[in-house]
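Peer 1: Structure below; questions to follow.
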Amino acid sequence: MPRYDLHSHSTCSDGLLSPAAVVARAAARGVDVYALTDHDETGGLAEARAAADDAGITFIAGAELSVSWESLTIHVVALGIDTGNAVLADGLATIRAGRTLRARRMADALALAGIPGAWEGAMKFASSERLVARTHFARYLVEAGHVASVKEVFKRYLVQGKPGYVAHEWARLGAALGWIHAAGGQAVLAHPGRYKVNGGGMRRLLADFRDAGGDAIEVLSPSHTRAQCTEFARHARVFGLLASCGSDYHGPGESWTDLGDLPDLPAGVVPVWNGW
Ligand code: AMP
Ligand code: MN
Ligand code: MN
Ligand code: MN
Numbered sequence: 111m112p113r114y115d116l117h118s119h120s121t122c123s124d125g126l127l128s129p130a131a132v133v134a135r136a137a138a139r140g141v142d143v144y145a146l147t148d149h150d151e152t153g154g155l156a157e158a159r160a161a162a163d164d165a166g167i168t169f170i171a172g173a174e175l176s177v178s179w180e181s182l183t184i185h186v187v188a189l190g191i192d193t194g195n196a197v198l199a200d201g202l203a204t205i206r207a208g209r210t211l212r213a214r215r216m217a218d219a220l221a222l223a224g225i226p227g228a229w230e231g232a233m234k235f236a237s238s239e240r241l242v243a244r245t246h247f248a249r250y251l252v253e254a255g256h257v258a259s260v261k262e263v264f265k266r267y268l269v270q271g272k273p274g275y276v277a278h279e280w281a282r283l284g285a286a287l288g289w290i291h292a293a294g295g296q297a298v299l300a301h302p303g304r305y306k307v308n309g310g311g312m313r314r315l316l317a318d319f320r321d322a323g324g325d326a327i328e329v330l331s332p333s334h335t336r337a338q339c340t341e342f343a344r345h346a347r348v349f350g351l352l353a354s355c356g357s358d359y360h361g362p363g364e365s366w367t368d369l370g371d372l373p374d375l376p377a378g379v380v381p382v383w384n385g386w
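Residue numbers (our numbering): 111 to 386.
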């Protein structure tokens, strides 16, 4: 059976490898069908597609959209998008504009917490002002010696309730799914196990996602325990959603799960690639 990895990042968002390098790594690690899914950005897809053609693997054009649902930030992976579609391109541009404003406010908040120069610092790690993620701030705080590791920066500064966290309204769920479908893509709820909701909240999220036209959920993700993989396979069946899998790879030294390092989907689910 071909090996699928349908979630990963390059330097066009907060990954550490260029689009060509991340594709080469995926191919070398035995991935047969690979999707690049940078946060809110499609700028790396042309380079990645060319590299995938060179390596002889199947390329799926993707993105990971930042979305607000109720009081939570959730991520929706788009797969198989037409990158020339203006509806999606405009939607992503709107998300990125908000991202840049949020990053400025994060830098202000960090300055108040005794960490000056965080905007300039984060920019050293970002490839463009259009895509600044919390990850870039985290890498800077580690480099500047404020905190020992990226994980620790998130815990101490960058999650809700901590001094560098800035609440932000991303795209609405219905709008994001509309853009993805306008571009001919499938919408996949990313790493559902990461969202801080109780059982009722998760069922509400899955129902809203399905009712808004969502296609699939990530059943296999390094964010999930084995028990969660089983749980989300069951949710996929109950809610009539397809199942996806992705390493969410960000780069050497930062991601424990490497490209292609995923088990087979559990039995009883319909894979998101069923109709490809
Ligand atoms: P942003 O979209 O700018 O809010 O940044 C989200 C990104 O931060 C995610 O895609 C991950 O790459 C990274 N991230 C989120 N939480 C953590 C964490 N606890 N430890 C390390 N990286 C994280
Ligand atoms: Mn990321
Ligand atoms: Mn994500
Ligand atoms: Mn991701």
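Cβ coordinates follow ideal geometry from the N, Cα and C atoms, glycine included.
Predicted, not measured: the structure shown is a model, and the values here were computed from it.
1) Please report how far the alpha carbon of A162 lies from the alpha carbon of P112, in whole angstroms.
2) DSSP three-state call for D321: helix, strand or coil?
3) Going residue by residue through the stretch 249 to 283, where are the continuous alpha helix (DSSP H) segments of at least 4 residues, counting only ones entirely within it?
4) Determine the burial state of L211: buried for a count of at least 16 other Cβ atoms within 10 Å of its Cβ, exposed for fewer.
5) From the DSSP secondary-structure annotation, give me the bridge partner or partners of T183.
6) Where do the N-terminal and C-terminal ends of the beta strand (DSSP E) with L146 fall, by residue?
7) Determine the direct distance from the alpha carbon of D164 to that of Y359, and round the result to whole angstroms.
8) Quick one: is the Cβ of H53 within less than 6 Å of any heavy atom of ligand 3?
9) Is it the case that the CB of E364 approaches a heavy atom of ligand 4 more closely than 6 Å?
10) Taking the alpha helix (DSSP H) that L241 belongs to, which residues open and close that run?
11) Below 6 Å CB to CB, which residues in the same chain sit around D192 once its five sequence neighbours on both sides are set aside?
12) Where does T152 sit, in a helix, a strand or coil, going by DSSP?
13) Kindly indicate which three-state DSSP category T335 falls into: helix, strand or coil?
14) Quick one: using the 10 Å Cβ neighbour count with 16 as the cut-off for buried, is Q296 buried or exposed?
15) Quick one: is S123 buried, meaning 16 or more other Cβ sit within 10 Å of its Cβ, or exposed?
Peer 2: Walking through what the data contain:
1) 15 Å
2) helix
3) 260 to 263
4) exposed
5) S178
6) V143 to L146
7) 21 Å
8) Residue 53 falls outside the range modelled here, since the chain spans only 111 to 386, and no answer is possible.
9) no
10) Here L241 belongs to no alpha helix (DSSP H), and DSSP marks it neither H nor E.
11) A293 and G294
12) coil
13) coil
14) buried
15) buried
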